[in-house]
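Here is the structure we will look at.
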Amino acid sequence: MKAFYLSLIFLTSCSYFISTFDDEYTVIGLESEKINLLFSHNISGETHPCGCRTFPLGGLPQIAGQMSELKKDGTEQFYVDTGDTFFPTNRLTMGMETSQKFAAKNLAKALSKLGLKYHVPGDQDFSAGVEFYGEILKEANLTLLAANLSPDSPIKGKKWIVLEKGPHKVYMIGLSDPKLLRPEQSVLFTEPATALQGAIKEVKDHGYDESNPFHRLILLSHSSYEQDEIWARKFPVFDWVIGSHSQKFTRKPLLEGKTKIVQVLSQNHYLGQIGFDLSASKDKDEFMIHEIHESLSQKIENNPWEAFIQAHKTEMSRLQEIEQQNNKSIPSATAVAPYKDAKSCIECHQPQGDKWHSTAHSVAYATLLKANEGKNLTCVTCHSLGLGDESGFNNTLDMTQFEKDDKREQYWSEVEKSFSGVKSIRELPPKSVTKLSKNWMALDEKFEVKRQMANVQCMNCHNQHPDHPFHIAQDKPTAEQNKQSMQGKCMTCHNPDQSPEWYQKNENGLAGDIDQKILDQKTQAVACPKLDSSSY
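At position 178 of the sequence shown (counting the first as 1) the number is 180 in my numbering, and the numbers step up by one without a gap.
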C-alpha cells in the first residue's frame, strides 16, 4: 500500500511552491511559463463509472490519465474544485450512512493525490454534517476556499489565493452561496455580495491591477449559473467565473460583459481547463473541456488508480453488506401482495418467457456482479425488480429468497462462476444470453429459490393486478397506452446519462430529448410476442 501511494504522488506531483502563507490568503509561486488551471465540480461522490453505461465517462484512473497527458509538455497544473463533490445528494441515504461516509473520505483523499488543494463547498458536501466535512478536509489535507466564510465557523479556510511568476498574477476568490444550504449549514457563511466586495478590495490592496494584461482575477463560485451571471454584472472586475451546482455544460465560455463563465457538468465526466501562457497577456488565455473517456486510463502504464478503484469497490461492498444486514426488510402490516417473479409468469406465458430469456434484461444483475457492484443499491435499482417498493424488497439480502438460507453463499458462487468467461453481456448473441439465463433459472431450482427479484423481469415493464390472471379489469388500456407506459418505464433507467445514444443531441452535443424512432426500435427489440391483437 505504501508503494501504491508513492506511485500516486509521483504521478501527480506539481512544481509550484508556497511563498507566502497568511491567515486569510496564500501566495503560491510558479516555476513554469505555462500553467493549466484544471477544475471540476458536481462530482457527486463518484469514483468510477458504473459498469452498465454504453459509453462510460469519468473515473479516477481516467482523470489521472488525462492529467498525465496534459503534463507531458512540462506545463504546470493547478487543480481546484467548486463543490457538490463528496456525496451524491445533500442528505445521507437512510441505511447507507457508513458506506457513503467512507466513499466521501476516500474520494477526497484520491482527489488530493491528484493534486486538489483548494475546495469551495456546496450543499452536497455537508450531507453528513459540518463536523464531518471538516474531517474530510483535515484527513485529505484540503483547504476550504470561501471569501464569505464566517469568522465564527468551526472550519477554517482561506478567502483567496494567488499564483504568481514575475509580473504575472492569477488571483482566485472562493464563494459559497448560503441560500443553497440548510439553515444549520448556512450560518457558516456570511452575505456573499458584501464578502466579495471586501475580498476584491483585499486583492487590489495586495497588488491586483485590473488594467494590467498580466493580472487575472477568477471567481470560484458555488452559486448556480444564474447567480454567477449576477456576480459578473455586479462585479465586472472578474475575468473568469468557474461555477457549479447548476451542472451547466459550456463548450465555450458564456460571456457576461467581459467576464467568461464556465462549467463542465458532473461526476468527473468532463475536466475543465483554462490555459495561461505567462509569456503572454491574458487575452490569450484558452478554455478547453476534456471528455474523460474510458481509454484514458491506459495513458498511464500499470495505472495504480485501477488498484485503488478495486480496493474501493471491495470495501464498499463489505460495508454495504453490513448495512443491509442491519436493515433487513420488515414484513408489511398491510400484507401487500409481492410482485410475481419471471418464473411465475413463464408458467403460463412460455413464448414470452423464451423471448425474455434471450435478452440482456434476463441476466441484468450479472453486470453488477462482474463490476463488483452487487451490493450497491444505487445500481441495483435498475438491475432488479422492485427495490424500495412495498411489493419488492429493500436490500440485496431480500432480493433472492431461499427455502433454506444456508444455501445463499454457494448459490451466488455458482451464479458468478457461470459468468466468469463473459466480458460484456451486452455484446453476447441472443443464443448465448438464453443459455446463461436458463442456467440461472436452473440454479434457482437447484438451490430452492422461492422468490427471485434479481434481473429485469416481466413486472418491470408490465402492469398486472396482484390477482392476475383471475382479476378482470374494468377499463382495459389501449395498445397505445400500454406502449407509452412501458416506454416511460424504459426511460427511467435508460436515461440520458446511462443511454445517451437513445437521445437527440442538443446544441452542446449532449443528450437532449428522447429520439422516438430509436426508442421504438429499442423497445421492439425486447418486446414479448403478442398474446392477441390488442396487446403491445
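Glycine residues also receive a C-beta, built at the ideal position from the N, C-alpha and C atoms.
Between the Cα of Ser487 and those of Gln506, Glu48, Gln466 and Ser501, spot the shortest distance and give me the residue it belongs to. Within the sequence shown, numbered from 1, the residue matching residue 487 stands at position 485. Among Gln506, Glu48, Gln466 and Ser501, the Cα nearest to that of Ser487 belongs to Gln466.
Going by DSSP, what residue range makes up the beta strand (DSSP E) through Tyr27? Taking the first residue of the sequence shown as 1, we reach residue 27 at position 25. Tyr27 to Gly31 is the extent of the beta strand (DSSP E) around Tyr27.
Could you compute how far the alpha carbon of Pro333 sits from the alpha carbon of Glu429? Taking the sequence shown and counting its residues from 1, the one referred to as residue 333 is at position 331. Taking the sequence shown and counting its residues from 1, the one referred to as residue 429 is at position 427. Note on Pro333: pLDDT 48, under 50, position unreliable in the model; the coordinate value appears next. Taking the Cα positions, Pro333 is about 39 Å away from Glu429.
Opening and closing residue of the beta strand (DSSP E) in which Arg410 lies: For the purposes of this step, residue 410 is identified with residue 408 of the sequence shown, where counting begins at 1. Bounds of any beta strand (DSSP E) do not take in Arg410; it lies within the alpha helix (DSSP H) bounded by Arg410 to Ser420.
For the stretch 164–181 against the stretch 220–234, do three or more pairs of beta-carbon atoms, one drawn from each stretch, fall closer than 8 Å, so that the two count as touching? Judged by Cβ distances under 8 Å, the stretch 164–181 makes contact with the stretch 220–234, as three or more pairs qualify.
Any contact of the stretch 395–407 with the stretch 476–483, i.e. 3+ C-beta pairs under 8 Å? No: the two stretches stay apart, fewer than three of their Cβ pairs being nearer than 8 Å.
The beta strand (DSSP E) with His351 in it runs from where to where? Walking along the sequence shown from the start, residue 351 turns up at place 349. Per DSSP, His351 belongs to no beta strand (DSSP E) and is neither H nor E.
Give the secondary structure of Asp407 by DSSP, where H, G and I count as helix, E and B as strand, and everything else as coil. Start at 1 with the first residue of the sequence shown, and residue 407 comes out as number 405. Helix at Asp407.
Under 7 Å between C-beta atoms of Phe251 and Leu198: Here residue 251 corresponds to residue number 249 of the sequence shown, with the count starting at 1. Here residue 198 corresponds to residue number 196 of the sequence shown, with the count starting at 1. Note that the C-beta distance between Phe251 and Leu198 is not below 7 Å.
In chain order, what are the residue ranges of uninterrupted alpha helix (DSSP H) at least 4 long that sit wholly in the stretch 139–186? Within the stretch 139–186, no complete alpha helix (DSSP H) run reaches 4 residues.
C-beta atoms of Gln454 and Asp446 nearer than 7 Å: As a first step, residue 454 must be located in the sequence shown, where it is residue number 452. As a first step, residue 446 must be located in the sequence shown, where it is residue number 444. Here Gln454 is near Asp446, since their CB atoms are less than 7 Å apart.
Please state if the CB of Glu323 and the CB of Arg371 are separated by a distance shorter than 7 Å. On the sequence shown, position 369 is the one that residue 371 refers to. On the sequence shown, position 321 is the one that residue 323 refers to. Sequence inspection shows Leu at residue 371; the Arg mentioned does not correspond to that position. Contact: no.
Nearest CA to the CA of Pro340: which residue from Gly394, His295 and Asp83? Working through the sequence shown from its first residue, we reach residue 340 at position 338. Measuring from the Cα of Pro340, the nearest candidate turns out to be Gly394.
DSSP state of Thr336 mapped onto helix, strand, coil: For this step, residue 336 is matched to residue 334 along the sequence shown. With a pLDDT of 45 at Thr336, under the threshold of 50, the modelled position of that residue is not reliable, and no figure is offered here.
Rounded straight-line distance, which links the Cα of Leu59 to that of Glu296: Start at 1 with the first residue of the sequence shown, and residue 296 comes out as number 294. Start at 1 with the first residue of the sequence shown, and residue 59 comes out as number 57. Leu59 has its alpha-carbon roughly 6 Å from the corresponding atom of Glu296.
Just the Cα atoms here: how many angstroms apart are Leu387 and Asp343? Counting from one through the sequence shown, the residue named residue 387 turns up at place 385. Counting from one through the sequence shown, the residue named residue 343 turns up at place 341. C-alpha separation (whole angstroms): 8 Å.
Tell me, which residues are paired with Ala456 by DSSP? Mapped onto the sequence shown, residue 456 falls at position 454. Answer by DSSP bridge pairing, in chain order: Ser386.
Check the DSSP bridge columns for Glu317 and list the partner residues they point to. Against the sequence shown, residue 317 aligns to sequence position 315. The bridge partners DSSP lists for Glu317 come to none.
Per DSSP, what kind of secondary structure is Tyr341 in: helix, strand or coil? Working through the sequence shown from its first residue, we reach residue 341 at position 339. DSSP places Tyr341 in coil when its eight states are reduced to three.
Whose CA, out of Gln326, Val424, Lys425 and Thr398, lies closest to the CA of Trp414? Here residue 414 corresponds to residue number 412 of the sequence shown, with the count starting at 1. Closest option to Trp414, Cα to Cα, is Thr398.
Does Met290 come out as helix, strand or coil in the three-state DSSP assignment? One-based indexing of the sequence shown puts residue 290 at position 288. Met290 carries a strand assignment under DSSP once its states are collapsed to helix, strand and coil.
Under DSSP, the alpha helix (DSSP H) around Lys103 begins and ends at which residues? Position 101 of the sequence shown, counting from 1, holds the residue named residue 103. Its alpha helix (DSSP H) spans residues Glu99 to Lys115.
Starting from the Cα of Glu71, find the closest Cα among Glu303, Glu133 and Leu190 and give me that residue. Along the sequence shown, read from residue 1 onward, the residue named residue 71 stands at position 69. The shortest Cα separation from Glu71 among Glu303, Glu133 and Leu190 belongs to Glu303.
With 16 other CB atoms within 10 Å as the buried threshold, where does Gly390 fall? Position 388 of the sequence shown holds residue 390. In the assembly as shown, Gly390 is an exposed residue. Its beta-carbon has fewer than 16 other beta-carbons within 10 Å.
Return the CA-CA distance between His363 and Val132, expressed in angstroms with no decimal places. Within the sequence shown, numbered from 1, the residue matching residue 363 stands at position 361. Within the sequence shown, numbered from 1, the residue matching residue 132 stands at position 130. One Cα belongs to His363, the other to Val132, and the distance between them is close to 42 Å.
Comparing C-alpha positions only, which one of Val451, Thr380 and Lys452 sits nearest to Thr95? Taking the sequence shown and counting its residues from 1, one reaches residue 95 at position 93. Minimum Cα distance to Thr95 is reached at Thr380.
Run the CB neighbour count on Asp241, radius 10 Å, all protein chains shown included, and call it buried at 16 or more, exposed below. Residue numbering aside, residue 241 sits at position 239 when the sequence shown is read from its first letter. Counting Cβ neighbours within 10 Å, Asp241 comes out buried, since at least 16 surround it.
Could you please give the first and the last residue of the uninterrupted alpha helix (DSSP H) stretch that includes Glu482? For this step, residue 482 is matched to residue 480 along the sequence shown. Glu482 -> alpha helix (DSSP H) spans Ala481 to Cys495.
Shortest alpha-carbon distance to Ile163 belongs to which of Arg218, Thr196, Lys140 and Tyr135? In the sequence shown, counting from the first residue as 1, residue 163 sits at position 161. Of the candidates Arg218, Thr196, Lys140 and Tyr135, the residue whose Cα lies closest to the Cα of Ile163 is Arg218.
Run the CB neighbour count on Val382, radius 10 Å, all protein chains shown included, and call it buried at 16 or more, exposed below. As a first step, residue 382 is located in the sequence shown; it is residue number 380 there, counting from the start. Buried.
Which of helix, strand or coil DSSP assigns to Thr402: The residue you call residue 402 lines up with position 400 of the sequence shown. Note: Thr402 maps to strand in three-state DSSP.
On a CA-only basis, which of Gln269, Ile276, Leu62 and Lys160 is nearest Lys540? Give me that one, please. Examination of residue 540 is not possible in this model, given that the chain is present from 3 through 538 alone.
Could you check how far apart the C-beta atoms of Pro531 and Lys357 are, in whole angstroms? I think they sit under 8 Å. Residue 531 sits at position 529 when you count from the first residue of the sequence shown. Residue 357 sits at position 355 when you count from the first residue of the sequence shown. With a Cβ gap of about 6 Å, Pro531 and Lys357 count as contacting.
Contact between the stretch 81–98 and the stretch 121–129 (3+ Cβ pairs under 8 Å): The stretch 81–98 vs the stretch 121–129: in contact.
Expressed to the nearest angstrom, what Euclidean distance is found between the alpha-carbon atoms of Glu293 and His385? As a first step, residue 293 must be located in the sequence shown, where it is residue number 291. As a first step, residue 385 must be located in the sequence shown, where it is residue number 383. Going from the Cα of Glu293 to the Cα of His385 covers about 27 Å.
How is the alpha helix (DSSP H) around Ser226 delimited, first residue to last? In the sequence shown, counting from the first residue as 1, residue 226 sits at position 224. First-last for Ser226: undefined, no H or E at that position.
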